[in-house]
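The opening residue of the sequence shown carries number 1 in the UniProt record's numbering; numbering runs sequentially from there. Idealized CB from N, CA, C, for every residue including glycine.
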Amino acid sequence: MQDQRAGPAKSKEKKRVSRHKQAKLTTVIIKAVPLTTKELRQKKSELRVERRRVKMGGDERAVAAPLLQQQQDGGGGDGERRRRRWWWGWWDGEEAAGQLAFAAPMVATSMAYYAIPLVSVMYAGRLGELELAGATLGNSWGTVTGIALMPWLNIRGVLAAKGLQKDKLDTGLSGSLETLCGQGYGAKMYHMMGVYLQASIITSAFFSVLVSLLWFYSEPVLIFLRQDPEVTRTATLFLRYSIPAQFAYGFIQCTLRFLQTQSVVTPLVVFALLPLVLHFGITHAFVHYLGFGYAGAGMSTSVSLWLSFLMLAAYVCLSERFKHTWEGFSTEAFRHVLPGLKLAIPSAVMVCFEYWAFEVLVLVAGLMPNSHMSTSIIAMCENTEAISYMITYGFAAAISTRVSNELGAGNVAKAKKALAVTLVLSLLLGVAFLLLLGLGHDLWAGLFSKSDAVISEFASMTPLLIGSVVLDSTQGVLSGVSRGCGWQHLAAWTNLVAFYIVGLPLSILFGFKLGLQTKDQMGKIRADNERQRRRFCLLRLERSELTSLAAAYASLVESNIEVKSFRA
Numbered sequence: 001m002q003d004q005r006a007g008p009a010k011s012k013e014k015k016r017v018s019r020h021k022q023a024k025l026t027t028v029i030i031k032a033v034p035l036t037t038k039e040l041r042q043k044k045s046e047l048r049v050e051r052r053r054v055k056m057g058g059d060e061r062a063v064a065a066p067l068l069q070q071q072q073d074g075g076g077g078d079g080e081r082r083r084r085r086w087w088w089g090w091w092d093g094e095e096a097a098g099q100l101a102f103a104a105p106m107v108a109t110s111m112a113y114y115a116i117p118l119v120s121v122m123y124a125g126r127l128g129e130l131e132l133a134g135a136t137l138g139n140s141w142g143t144v145t146g147i148a149l150m151p152w153l154n155i156r157g158v159l160a161a162k163g164l165q166k167d168k169l170d171t172g173l174s175g176s177l178e179t180l181c182g183q184g185y186g187a188k189m190y191h192m193m194g195v196y197l198q199a200s201i202i203t204s205a206f207f208s209v210l211v212s213l214l215w216f217y218s219e220p221v222l223i224f225l226r227q228d229p230e231v232t233r234t235a236t237l238f239l240r241y242s243i244p245a246q247f248a249y250g251f252i253q254c255t256l257r258f259l260q261t262q263s264v265v266t267p268l269v270v271f272a273l274l275p276l277v278l279h280f281g282i283t284h285a286f287v288h289y290l291g292f293g294y295a296g297a298g299m300s301t302s303v304s305l306w307l308s309f310l311m312l313a314a315y316v317c318l319s320e321r322f323k324h325t326w327e328g329f330s331t332e333a334f335r336h337v338l339p340g341l342k343l344a345i346p347s348a349v350m351v352c353f354e355y356w357a358f359e360v361l362v363l364v365a366g367l368m369p370n371s372h373m374s375t376s377i378i379a380m381c382e383n384t385e386a387i388s389y390m391i392t393y394g395f396a397a398a399i400s401t402r403v404s405n406e407l408g409a410g411n412v413a414k415a416k417k418a419l420a421v422t423l424v425l426s427l428l429l430g431v432a433f434l435l436l437l438g439l440g441h442d443l444w445a446g447l448f449s450k451s452d453a454v455i456s457e458f459a460s461m462t463p464l465l466i467g468s469v470v471l472d473s474t475q476g477v478l479s480g481v482s483r484g485c486g487w488q489h490l491a492a493w494t495n496l497v498a499f500y501i502v503g504l505p506l507s508i509l510f511g512f513k514l515g516l517q518t519k520d521q522m523g524k525i526r527a528d529n530e531r532q533r534r535r536f537c538l539l540r541l542e543r544s545e546l547t548s549l550a551a552a553y554a555s556l557v558e559s560n561i562e563v564k565s566f567r568a
């Protein structure tokens, strides 16, 4: 009887062992399936990442599980499963909700800070066509020579704190303060975050001094670029009174990223919207009641931005929430300034290539007949597209954070899915702008000028402007992916080719030789955005470096790097 009872038990044990061997055999067979070179590199990299996780205490079955799951999903299955897999790759409700929750405060903050100088331009523009042309030219020139640089001139921080050099990760971990402070926060190096913030403020102050000199002496520079002398003189006056705003904006951007990396978003919206609301009253008082007139528009921008920075600084210094990340001023910050510029400059160049292309359009418009009208219309189109980009920037910040986080965790598939979801959201955003501009272009143009001629000319530009805005919404998101992946150098080359080798020469050719003037300038910029969007898609969706970058992140985790732990 005992032998009979033992028989079934032994049989079950043999079956269990047989199934275990069969599973191992299945794994071997999967590895032997003929693959392309690209797929083979990707699978090997994924396998190395999973094995490193096993060494750190993970489940041994995790090594084979991804390959098994991929083989099961890839073979057979009915049409319904395939349809589910296709939609799963392009949309995920939870992912979309998370990105919207992250992007919405960033969009509101960016829009508020961009609207402050724009309100000043509107008040100046309602004083006359010359004032509108001067304020728009001054605001555009100030944006591309100073304002656009500040968000990207931030330091690396975490790599220096970990004792790593750039060549250990090639370009994978280079980026701005928001990404690197986020890594430092995740590594519990809280005390260093205040040091990185101070180093970034020092960098911004240094560049603000250089930019201020350029703004003060902008008149001979713009005249050398063959701008109308009267408009140039008016634009330089606007810039000189806006010099304090340049310093404040740089400090604000550093502080915003310091707070953003600690998941502090709601106070950012409050400290951005409150100065914007006050700015309407401040500008109205400076322009109409205090007797400053046109100069008061530039003064009010400086006052409102400094008010916002002082609010943020008081919040950081007085709140108990930052007692571990802000420990006061330290001379250690000076050691991180120069090394950080090596990684910050590519990010700045990437953005400046695009901003400068639009500024060249404004300068070219000043060479056309009726330069007052041409400059005003092109500058209004540029400001409109910049507002749409501020909204796109929120999604770009979200996808940059998501991609860098997922690559750091070795989840390449999740990073790609996050990209797909963000692209869908950006297209929906572009459609929303299409409807708003198509239905309300006259109302929008009326905020800049009372002239019927200006409003009518802007209406004729609206179809081209809509096309450019829709394409730019996608391109901006893909730029965020490039920052998350550390591909700033590739994005910079893409911008260079799309805008300067293709777009601007065609704009000049069609605008002057064929007599199409301002309309064709915007049409060529729209074509630039389309070419740039396609090149970005090729870079993001077809490059296998995503997997190798994930492996590089994982190698950091298992390397013997001494990291100071946080002590409460």
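Practice problem: Whole angstroms is fine: what's the gap from residue 399's alpha carbon to residue 288's? | Solution: Against the sequence shown, residue 399 aligns to sequence position 399. Against the sequence shown, residue 288 aligns to sequence position 288. Their Cα atoms are separated by approximately 44 Å.
Quiz item: Can you name the start and end residues of the alpha helix (DSSP H) that residue 122 belongs to?
Solution: Here residue 122 refers to the residue found at position 122 of the sequence shown. From DSSP, the alpha helix (DSSP H) with residue 122 extends over 93-125.
Exercise. Note down the Cα distance separating residue 121 from residue 283, rounded to an integer number of angstroms.
Key: For this step, residue 121 is matched to residue 121 along the sequence shown. For this step, residue 283 is matched to residue 283 along the sequence shown. The straight-line gap from Cα to Cα measures roughly 10 Å.
Quiz item: Near residue 317, which residues of its chain fall below 6 Å by C-beta distance, leaving aside the five closest residues on each side in sequence?
Solution: Start at 1 with the first residue of the sequence shown, and residue 317 comes out as number 317. Hits under 6 Å: none found.
Quiz item: If you count every other CB in all the chains shown that lies within 10 Å of the CB of residue 209, and 16 or more means buried, which is it?
Solution: Locating residue 209 in the sequence shown gives position 209, where the first residue counts as 1. Label assigned to residue 209: exposed.
Quiz prompt | residue 431 beta carbon near the ligand PLP (any heavy atom closer than 8 Å) | solution = The ligand PLP is absent from the structure shown, which contains no ligand whatsoever.
Self-check item: residue 293 versus residue 394: straight-line alpha-carbon distance, rounded
Solution: Taking the sequence shown and counting its residues from 1, the one referred to as residue 293 is at position 293. Taking the sequence shown and counting its residues from 1, the one referred to as residue 394 is at position 394. If I take the Cα positions, the gap works out to 35 Å.
Exercise. Take residue 271 and list the residues in its own chain whose beta-carbon comes closer than 8 Å to its own, dropping the five residues that flank it on each side.
Key: Here the question's residue 271 lines up with position 271 in the sequence shown. These residues qualify, in order along the chain: 308, 311, 312, 315.
Quiz prompt | residue 417, DSSP secondary structure in three states | solution = Your numbering for residue 417 matches position 417 in the sequence shown. The answer is helix: DSSP assigns residue 417 an H, G or I state.
Practice problem: Using 10 angstroms around the beta-carbon of residue 97, count the other beta-carbons present and answer buried if the total reaches 16, otherwise exposed. | Solution: Translated into the one-based positions of the sequence shown, residue 97 becomes position 97. Per the 10 Å Cβ criterion, exposed.
Quiz item: I think residue 579 touches residue 256, with their Cβ atoms under 8 Å apart; what is that distance to the nearest whole Å?
Solution: What is shown of the chain runs 1 to 568, which leaves residue 579 out entirely.
Quiz prompt | Beta-carbon proximity list for residue 264, same chain, < 8 Å, skipping 5 on both sides | solution = Stepping through the sequence shown from its first residue, residue 264 is reached at position 264. Closer than 8 Å at Cβ, skipping near neighbours: 321.
Quiz item: Among 431, 222, 503, which has the Cα closest to the Cα of residue 471?
Solution: Taking the first residue of the sequence shown as 1, we reach residue 471 at position 471. The option with the nearest alpha carbon to residue 471 is 431.
Practice problem: Rank 459, 356, 464 by C-alpha distance to the C-alpha of residue 499 and give the top, closest one. | Solution: In the sequence shown, the residue the question calls residue 499 occupies position 499. Looking only at 459, 356, 464, the smallest Cα-Cα distance to residue 499 is reached by 356.
Quiz item: Exposed or buried, which one is residue 460 when buried takes at least 16 other CB atoms within 10 Å?
Solution: For this step, residue 460 is matched to residue 460 along the sequence shown. That one is exposed.
Quiz item: Considering only residues of the same chain and omitting the five flanking positions on each side of residue 109, which have a CB-CB separation below 6 Å?
Solution: In the sequence shown, counting from the first residue as 1, residue 109 sits at position 109. Closer than 6 Å at the Cβ level, and outside the excluded window around residue 109, lie 268, 269, 272.
Exercise. Given a cut-off of 9 Å, decide if residue 302 and residue 278 are closer than it, judged by their beta-carbon atoms.
Key: Indexing the sequence shown from 1 puts residue 278 at position 278. Indexing the sequence shown from 1 puts residue 302 at position 302. Result no, Cβ atoms of residue 278 and residue 302 do not sit closer than 9 Å.
Exercise. Quick one: grab the DSSP three-state call for residue 388.
Key: Working through the sequence shown from its first residue, we reach residue 388 at position 388. Looking at residue 388 - three-state DSSP - the assignment turns out to be helix.
Practice problem: Keeping to the same chain, check which residues put their C-beta closer than 7 Å to that of residue 457; ignore five residues upstream and five downstream. | Solution: As a first step, residue 457 is located in the sequence shown; it is residue number 457 there, counting from the start. The answer, listed in chain order, is 373, 377.
Quiz prompt | Nearest-angstrom beta carbon gap, residue 211 and residue 125 [assumed within contact, 8 Å] | solution = Taking the sequence shown and counting its residues from 1, one reaches residue 125 at position 125. Taking the sequence shown and counting its residues from 1, one reaches residue 211 at position 211. In fact, because the Cβ distance is near 24 Å, the residues do not count as touching under 8 Å.
Quiz prompt | residue 131: first and last residue of the uninterrupted alpha helix (DSSP H) it sits in | solution = Residue mapping note: residue 131 aligns to position 131 of the sequence shown, counting from 1. Its alpha helix (DSSP H) spans residues 129-142.
Quiz prompt | Neighbour-count burial assignment, residue 655, 16 or more Cβ in a 10 Å radius | solution = Given a span of 1 to 568 for the chain in the structure shown, any question on residue 655 remains unanswerable.
Quiz item: From residue 200 to residue 235, what does the alpha carbon distance come to, in whole angstroms?
Solution: Counting from 1 along the sequence shown, the entry for residue 200 is found at position 200. Counting from 1 along the sequence shown, the entry for residue 235 is found at position 235. Whole-angstrom Cα-Cα distance: 30 Å.
Quiz prompt | Burial state of residue 155, where buried means 16 or more other Cβ atoms lie within 10 Å | solution = Within the sequence shown, residue 155 is the residue found at index 155, counting from 1. Note that residue 155 scores a pLDDT of 39, beneath 50, so its modelled location is shaky; the value from the coordinates is reported in the next line. Buried, by the Cβ-count rule.
Quiz item: Nearest to residue 463 by CA position, among 449, 438, 246, is which residue?
Solution: Numbered from its first residue, the sequence shown carries residue 463 at position 463. Minimum Cα distance to residue 463 is reached at 438.
Practice problem: Taking only the alpha-carbon atoms, compute the straight-line gap between residue 422 and residue 99 and give it to the nearest angstrom. | Solution: Along the sequence shown, one-based indexing puts residue 422 at 422. Along the sequence shown, one-based indexing puts residue 99 at 99. Cα-Cα distance, rounded: 8 Å.
Practice problem: In angstroms with no decimal places, state the Cα-to-Cα distance between residue 117 and residue 47. | Solution: To locate residue 117, count along the sequence shown from 1; it is residue 117. To locate residue 47, count along the sequence shown from 1; it is residue 47. The straight-line gap from Cα to Cα measures roughly 52 Å.
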